[in-house]
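Residue numbers (my numbering), protein chains in the order written: chain A, 727 to 1015; chain B, 858 to 1187; chain C, 162 to 437. No residue lacks a Cβ here, since even glycine has one placed at the ideal position from N, Cα and C. The structure appears below as structure tokens.
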Ligand SMILES: Nc1ncnc2c1ncn2[C@@H]1O[C@H](COP(=O)(O)OP(=O)(O)O)[C@@H](O)[C@H]1O
Ligand SMILES: [Mg+2]
């Protein structure tokens, strides 16, 4: 099978993908790094050398630290909610009950909803302080309706994003639970293990790998959350719901500052790489089993 | 025709040589079995013959033609894989017909041959099923059917029975033997199971770490093993090996087959306590713990009355094999 | 499940599971229902669940006012086009890596996945400028290409895990059976690879359909797919719940249905075969 001839053909077949991805990585990244050292306003013609000033301005912007913290809370919050919720819901859906197929369809549905739709639906039809269903519910119990997006913008966005990703975690953990060896469970039961210790010593270790996978994949996608912020709060009020992604968008697209945005982009790439190395280590360990 | 000659062939994967220079002649119509422990290079050797791997050096001659660099399909050989390697998306009929279709036979001819093969292999009722809907034994038959219809110069089998349960394995073994009697085509058969080798082969090739230890008929190997390795590998239960000094033999080590020992109450070459006695009815396997020698197995008649803990003697009643320091027979 | 459980137990689990499912699904159901209400009914207090005068007028208005079908078509072209283009490039690569693995195959795959770690904002400005200077701002072409590049690592990975499961024995058997490379591909490889390619395609269409960073940043009125079109409802003058719901329902319905059909393949596809 593995003859010299086929090896050469294989290389030829892989080449286009590698070249394209290499270009896709290197060219824009190189330009971003280059721009980050320029004074470059998109509305004014011409550029000039700016040294590290873009970085200086970007990193000393008080909303940068806030954005960093917000990103951490958003990604961490969503992952926390989806993993805990996913384990609980996975355990529930793994029980024998009537209508499994339909409940499954209902539970995974939010994953297929486009971000702009889910953000707008939650914003207007649920969280709106006048016409939203939450406001109606608050009035019903005699409480003051809350303007969620004004007072708890980051928590609200975390909730919306978690709603979108909860099905993903649930489905993966449910699938993993279904592959859990029943005889192992029964053996543990014979050994006198309580339901709690069975969960702790058998189910949870069995879920370690899928949980790792969920964390990895969600991190990749969640670091880029954008549309949900754009259509709900626009990063506000102030910078209360501005993430790293969003602050760069703001600088570059709304402030027309290509140099500043590029500096922010470089910072984002560096931070993402730190996370990536950390994650790859973790998965490398967990996936090679 | 189905005559295969291997001349000084070697095979290395990267830097490790799996097959050192090896020579072998397989005659037309012979049933040759490659036997040896797992990892000794049996499959590699078979795949070299098939053309699925390229030899690192040496020549392969099939029916007088140099086939060293021929593509697998040009060698006129058919192979039955351990995993059966059936095409999952084709019906049994299409699976068997596939090599004929590739050979460009017309439809009527293909139908005729497929029906013939199905009849021989008892597959007629299953022709429209997919492999996934068949039992292990049936899948095995389909794989064989796919090989038969091509009327190859030789069949190559790579541990074809190892995925079957014990009873089915015995059945399929006889079916393959019958097939060989019917077709009289050369068969090269790989197994790690010496019982399969002994029962099926005209000629056994014993391999050890890529090296041929001995070639011969089953009885030749049984009666005159050239090395300790062959002696230990052929025969069941395994031959007993006893340090030469224990019995004042002029050998580093001696070997006695369990069936060449008698269990006696008085005397005997070795004495010890019975560690276990397995009464099978037809035979009794007795394991005796001999001080200074270790465990010695004997295979004696079924009605003998020995039990755990009895003090017994073992008397040699047959040939004694002698081996030197290098494990070669003296 | 090996054991029979009592009916009352099953009843409890059924109630809990349905409450959970209904709660999670409720926002979608509510959106669909609202799309059939009049604007007044959409914000009526108390809210009405089913008991209203069903109307299609929102769908008609959305269609007339904003040329909905063009945006829908844009979404189709971008998601399907980028997926097909991606498959064209990825199938040979994944194929080679699965069947002729080299020493570095695993490293190459890992590297490809790591390109997904690069945040889109990190390269937004140069991409924007490059697309602009190519005159492709607000064009479907640019988005097809970019979406293809964004999803290429995922496509390759998914295909790789599917191809990896095709036993090499079977290909060798085909070779022994005298199949030429062409016939091997037509009769053996393709039929066994098609299911994997199909699920990869389905999942990537879903991902591309819902992608909302590049679509929002690189399109305006002309090439905007549904993600960008729906976003235009966030402006205060677009605040009509019933119409927003109608536009949303049309945007999510096709993909929701596709998603439901592909749910069996979803888990293994999105986890690259790590969870089956
Ligand atoms: N494609 C390969 N690459 C590297 N080493 C291999 C390859 N195929 C087999 N080997 C090595 O060659 C030796 C013999 O393998 P094999 O022929 O499969 O043994 P057997 O069939 O007797 O069990 C083993 O040590 C195995 O690890
Ligand atoms: Mg083998």
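Name the DSSP beta bridge partners of residue i, please?
{"i": "residue 1084 of chain B", "result": "B:1185"}
{"i": "residue 1133 of chain B", "result": "B:1144"}
{"i": "residue 374 of chain C", "result": "Residue 374 of chain C pairs with nothing; no bridge assigned."}
{"i": "residue 1097 of chain B", "result": "B:1113"}
{"i": "residue 1155 of chain B", "result": "B:1143"}
Considering residue i, what are the terminal residues of the beta strand (DSSP E) in which it resides?
{"i": "residue 1169 of chain B", "result": "1168-1173"}
{"i": "residue 1179 of chain B", "result": "1178-1180"}
{"i": "residue 916 of chain B", "result": "914-919"}
{"i": "residue 1044 of chain B", "result": "1043-1048"}
{"i": "residue 194 of chain C", "result": "Premise fails: residue 194 of chain C lies in the alpha helix (DSSP H), 168-195, not in any beta strand (DSSP E)."}
{"i": "residue 878 of chain B", "result": "873-883"}
Can you tell me the Cα-Cα spacing of residue i and residue j, whole angstroms?
{"i": "residue 1050 of chain B", "j": "residue 276 of chain C", "result": "50 Å"}
{"i": "residue 285 of chain C", "j": "residue 187 of chain C", "result": "36 Å"}
{"i": "residue 964 of chain B", "j": "residue 951 of chain B", "result": "12 Å"}
{"i": "residue 1153 of chain B", "j": "residue 1092 of chain B", "result": "15 Å"}
{"i": "residue 1005 of chain A", "j": "residue 278 of chain C", "result": "10 Å"}
{"i": "residue 993 of chain B", "j": "residue 249 of chain C", "result": "38 Å"}
{"i": "residue 163 of chain C", "j": "residue 811 of chain A", "result": "With a pLDDT of 44 at residue 163 of chain C, under the threshold of 50, the predicted position of this residue should be treated as unreliable, and no value is reported."}
{"i": "residue 885 of chain B", "j": "residue 1015 of chain B", "result": "19 Å"}
{"i": "residue 886 of chain A", "j": "residue 827 of chain A", "result": "25 Å"}
{"i": "residue 1055 of chain B", "j": "residue 337 of chain C", "result": "28 Å"}
{"i": "residue 760 of chain A", "j": "residue 987 of chain A", "result": "12 Å"}
{"i": "residue 914 of chain B", "j": "residue 881 of chain B", "result": "15 Å"}
{"i": "residue 265 of chain C", "j": "residue 744 of chain A", "result": "13 Å"}
{"i": "residue 856 of chain A", "j": "residue 432 of chain C", "result": "41 Å"}
{"i": "residue 784 of chain A", "j": "residue 959 of chain A", "result": "22 Å"}
{"i": "residue 758 of chain A", "j": "residue 993 of chain A", "result": "11 Å"}
{"i": "residue 348 of chain C", "j": "residue 1072 of chain B", "result": "41 Å"}
{"i": "residue 1160 of chain B", "j": "residue 1081 of chain B", "result": "30 Å"}
{"i": "residue 728 of chain A", "j": "residue 908 of chain B", "result": "Interpretation of residue 728 of chain A is limited by its pLDDT of 47, a score under 50 that renders its predicted location unreliable; the figure taken from the coordinates is listed afterwards. Their Cα atoms are separated by approximately 12 Å."}
{"i": "residue 1132 of chain B", "j": "residue 1117 of chain B", "result": "19 Å"}
{"i": "residue 755 of chain A", "j": "residue 749 of chain A", "result": "9 Å"}
{"i": "residue 800 of chain A", "j": "residue 792 of chain A", "result": "12 Å"}
What residue range is occupied by the uninterrupted alpha helix (DSSP H) comprising residue i?
{"i": "residue 901 of chain B", "result": "899-907"}
{"i": "residue 1071 of chain B", "result": "It is not in any alpha helix (DSSP H) - residue 1071 of chain B instead sits in the beta strand (DSSP E) that spans 1068-1073."}
{"i": "residue 789 of chain A", "result": "788-819"}
{"i": "residue 826 of chain A", "result": "826-834"}
{"i": "residue 936 of chain B", "result": "That residue, residue 936 of chain B, is in no alpha helix (DSSP H); its beta strand (DSSP E) goes 934-937."}
{"i": "residue 298 of chain C", "result": "Taken as a continuous stretch (DSSP letters only), residue 298 of chain C belongs to no alpha helix (DSSP H), as it is neither H nor E."}
{"i": "residue 924 of chain A", "result": "921-924"}
{"i": "residue 951 of chain B", "result": "949-959"}
Excluding the five sequence neighbours on either side, which residues of its own chain have a C-beta within less than 7 Å of the C-beta of residue i, listed in chain order?
{"i": "residue 773 of chain A", "result": "764, 765 and 766"}
{"i": "residue 256 of chain C", "result": "324"}
{"i": "residue 370 of chain C", "result": "236, 240 and 416"}
{"i": "residue 775 of chain A", "result": "763 and 764"}
{"i": "residue 961 of chain A", "result": "955, 967, 968, 972 and 976"}
{"i": "residue 897 of chain B", "result": "1064, 1065, 1066 and 1067"}
Who are the near neighbours of residue i in its chain, counting only those whose CB is closer than 8 Å to its CB and skipping five residues on each side?
{"i": "residue 955 of chain B", "result": "944, 947 and 1003"}
{"i": "residue 383 of chain C", "result": "299 and 300"}
{"i": "residue 230 of chain C", "result": "224"}
Please look up how many angstroms separate the CB atoms of residue i and residue j, rounded, as I've assumed it's under 8 Å.
{"i": "residue 243 of chain C", "j": "residue 344 of chain C", "result": "Their Cβ separation, rounded to whole angstroms, is 32 Å, which puts residue 243 of chain C and residue 344 of chain C out of contact at 8 Å."}
{"i": "residue 1108 of chain B", "j": "residue 1187 of chain B", "result": "6 Å"}
{"i": "residue 280 of chain C", "j": "residue 971 of chain A", "result": "7 Å"}
{"i": "residue 809 of chain A", "j": "residue 940 of chain A", "result": "6 Å"}
{"i": "residue 1099 of chain B", "j": "residue 1121 of chain B", "result": "Not really, about 17 Å apart at Cβ, beyond 8 Å."}
{"i": "residue 1147 of chain B", "j": "residue 1128 of chain B", "result": "7 Å"}
{"i": "residue 938 of chain B", "j": "residue 1046 of chain B", "result": "Going by Cβ atoms, the distance from residue 938 of chain B to residue 1046 of chain B rounds to 13 Å, so no, they are not a contact pair."}
{"i": "residue 304 of chain C", "j": "residue 746 of chain A", "result": "Going by Cβ atoms, the distance from residue 304 of chain C to residue 746 of chain A rounds to 16 Å, so no, they are not a contact pair."}
{"i": "residue 936 of chain B", "j": "residue 1013 of chain B", "result": "4 Å"}
Among residues of its own chain, excluding the 5 on either side of residue i, which ones have a beta-carbon nearer than 6 Å to its beta-carbon?
{"i": "residue 953 of chain A", "result": "841 and 842"}
{"i": "residue 781 of chain A", "result": "989"}
{"i": "residue 389 of chain C", "result": "376, 377 and 380"}
{"i": "residue 259 of chain C", "result": "321, 324 and 325"}
Should residue i be counted as a contact of ligand 4 given a C-beta to heavy atom distance under 8 Å?
{"i": "residue 1016 of chain B", "result": "As far as ligands go, the structure on display features ligand 1 and ligand 2 and does not contain ligand 4."}
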